[in-house]
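Each residue of the sequence shown is one higher than the one before, starting from 147 at the first, in this note's numbering.
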Amino acid sequence: MAEGERERLRLGHIVYSNCFPVHARLLDAGAPEWIRIVEGVPSHLNALLERGEIDVAPCSSIEFARNAHRYRVLPDLVIGSRGPVRSIIFASMRPAEELDGALVAMPTASATSVVLLKVLLRLRWRVRPRFRWFDQAAEDPFAGGADAALFIGDVALRADLHPRVPHRYDLGTEWWAHTGLPFAFAVWQAGGGSDDALRRLHATLLESRAYGHAHRAELAGRWAQRFGFSAAFLDAYWRDLSFELDAPMLEGLTTFYRLAAEIGEIPEAPRLRFVSAEDPRAALR
């Protein structure tokens, strides 16, 4: 690499509106030439990171648990909730406590939310249903015989999401009721890139998040049509999400890993490894 030339990084971006506030500046004003943005749903970005086809992404938090020996987490960045999340909805034809042996449809686009739902089904509602996969962008799981289904992302935010299904559970709310803790749905994970390049990216993302926070209402007005929501709805949705991986959020994350291991979804709760963030803004100079 020539002197003064910056190492290029491939950055994954979740196509749902919940990722936008952290990547706001990169998407609204344009990413610097050393960052190439690659878009996809969470499960697709997980696969790209595992194959080494991207360097960093806001991947499903369960992805880190499954590949903790390969990835490091960028500090203080998360897509999470401290109560209702609104974009992770479990819709059911009967109360969750009555789903023992029932058929539950899980979206192929999801990873973390699927495991979160399994944790809640086993440990909160004390039931053991059967599962099948479905494509939430193209398939009605109830027409296919499911008793309940999980919906994620912008699909779950639609007001007309299966209006005749009587029982709906916001998984952020249910997790909070079960544990009293926030929930981290995605964390920024690094599988490639040098420490210097990752620190530079980390500083860039922190500035982008600050831009998204400072200009939230304005950005909602300009991007609402693209996401298919009103500006007021999008602004309120972004306001209710959490994007800081602070101590309570970390406790929620480690608790999730412990419970996921308890029900056999991962072999053991992993130890979190972080990209060093000393003086991150110095990396921008």
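Just so you know, even glycine gets a beta-carbon here, dropped at the ideal spot from N, CA and C.
| message | If you reduce the DSSP assignment to three classes, tell me which class residue 178 lands in. | response | coil
| If you draw a straight line from the alpha carbon of residue 227 to that of residue 153, how long is it in whole angstroms? | So the alpha carbons of these two residues sit roughly 33 Å apart.
| task | Could you please give the first and the last residue of the uninterrupted beta strand (DSSP E) stretch that includes residue 271? | result | It is not in any beta strand (DSSP E) - residue 271 carries neither H nor E in the DSSP assignment.
| said: Just to confirm, is the Cβ distance from residue 261 to residue 389 under 9 Å? | reply: The answer is no: Cβ separation not under 9 Å.
| request: Sort 201, 188 and 184 by Cα distance to residue 164 and report the nearest one. | output: 188
| message | Could you tell me which whole alpha helix (DSSP H) segments of length 4 or greater appear in the stretch 287–342? | response | 299–303 and 317–325
| task | Could you spell out the range, first to last residue, of the beta strand (DSSP E) harbouring residue 200? | result | Premise fails: residue 200 is in no beta strand (DSSP E) and is neither H nor E.
| query | When DSSP labels each residue in this structure, what does residue 235 get in the three-state scheme? | reply | In the structure shown, residue 235 sits in a strand (DSSP, three-state: E or B).
| Top-ranked residue by Cα proximity to residue 180, from 370, 343, 393 and 383 | When only C-alpha atoms are compared, the closest one is 343.
| task | Buried or exposed for residue 222, please, with buried defined as at least 16 other CB atoms from any protein chain shown within 10 angstroms of its CB. | result | buried
| said: Pop quiz: residue 194 and residue 335 are said to be a contact at Cβ under 8 Å. What is the actual Cβ separation, rounded to whole angstroms? | reply: By a beta-carbon distance limit of 8 Å, residue 194 does not contact residue 335. Their separation comes to about 11 Å.
| query | Per the contact definition of three or more C-beta pairs closer than 8 Å, is the stretch 314–321 in contact with the stretch 224–244? | reply | yes
| request: From the DSSP output, in three-state form, read off residue 389 for me. | output: coil
| task | Could you tell me whether the stretch 248–259 touches the stretch 287–305, using the rule of 3 or more Cβ pairs below 8 Å? | result | yes
| message | Counting only C-beta atoms, is residue 304 closer than 9 Å to chain C at any point? | response | Protein chains in the displayed structure number just one, and chain C is not present.
| query | If you follow the beta strand (DSSP E) that residue 227 is part of, which residue opens it and which one closes it? | reply | 218–227
| task | Give the DSSP-derived three-state secondary structure of residue 432 in the structure shown. | result | The chain is shown from 147 up to 431; residue 432 falls before or after that span and cannot be answered.
| request: Take residue 168 as the anchor and find which of 355, 415, 409 and 414 has the nearest alpha-carbon. | output: 355
| task | Counting only the same chain and skipping the five closest in sequence on each side, list residues whose C-beta sits under 6 Å from that of residue 430. | result | Bear in mind that a pLDDT of 36 at residue 430, under 50, signals an unreliable position, so the model cannot answer this.
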